[in-house]
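A.B. asks: Residue numbers (this note's numbering): 143 to 259. Think of the CB as a built atom: it goes at the ideal place given N, C-alpha and C, for glycine as much as any other residue. All values reported here derive from a predicted model rather than from experimental measurement. This structure is in structure tokens; I'll ask about it shortly.
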């Protein structure tokens with residue numbers, strides 16, 4: 143897995159990098175086919191103080207790209223919200239990929255031939 147973290151108007155400290163990496167381990171626990179992860183942490187000069195810190199993530203999975211962003215007044219809280227949103231999307235994608243609700247074509251053609259007899 144390729145992991146890239148960058149900051150916009152913000153220096154990425156080792157503790158901030160470690161916090162993001164430990165939070166993303168939860169995603170890898172659910173779905174291990176992650177190819178690439180890009181995280182962008184930024185501080186905006188908006189008039190809204192409660193939405194000033196922004197965290198974005200772009201995850202490239204096998205067969206899909208997922209983009210999530212979160213805003214909060216605290217960067218660590220924004221990262222927590224971001225990982226929660228990403229976790230829900232990854233679990234939904236995993237369930238969709240591994241769904242066994244569909245019948246196979248082989249079984250369908252066998253059942254159709256039995257019905258004709």
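Compute the beta-carbon to beta-carbon distance between residue 229 and residue 169, rounded to the nearest angstrom, for a pair I have assumed lies under 8 Å.
C.D. replies: Between residue 169 and residue 229 the Cβ distance is about 6 Å, and since that is below 8 Å, they are a contact.
A.B. asks: In chain order, what residues of the same chain lie with their CB nearer than 8 Å to the CB of residue 203, ignoring the 5 residues before and after it?
C.D. replies: Same-chain partners within the cutoff: 173, 175, 176, 177, 232 and 235.
A.B. asks: Hey, would you say the C-beta of residue 159 is under 7 Å away from at least one heavy atom of the ligand NAD?
C.D. replies: Of ligands this structure carries none, so the ligand NAD is not represented either.
A.B. asks: Please return the same chain residues whose Cβ sits closer than 6 Å to the Cβ of residue 148, not counting the five positions on each side in sequence.
C.D. replies: Within the same chain, residue 148 has close Cβ partners 182.
A.B. asks: Of the residues 185, 201 and 238, which one's Cα is nearest the Cα of residue 153?
C.D. replies: The option with the nearest alpha carbon to residue 153 is 185.
A.B. asks: Assign residue 239 to buried or exposed, taking buried as 16 or more other Cβ atoms, counted over all protein chains shown, within 10 Å of its Cβ.
C.D. replies: Exposed, since its Cβ has fewer than 16 Cβ neighbours within 10 Å.
A.B. asks: Please classify residue 196 as buried or exposed, where buried requires at least 16 neighbouring CB atoms within 10 angstroms.
C.D. replies: Counting Cβ neighbours within 10 Å, residue 196 comes out buried, since at least 16 surround it.
A.B. asks: Could you pull the DSSP bridge partners for residue 173 from this structure?
C.D. replies: Answer is none; residue 173 lacks a bridge partner.
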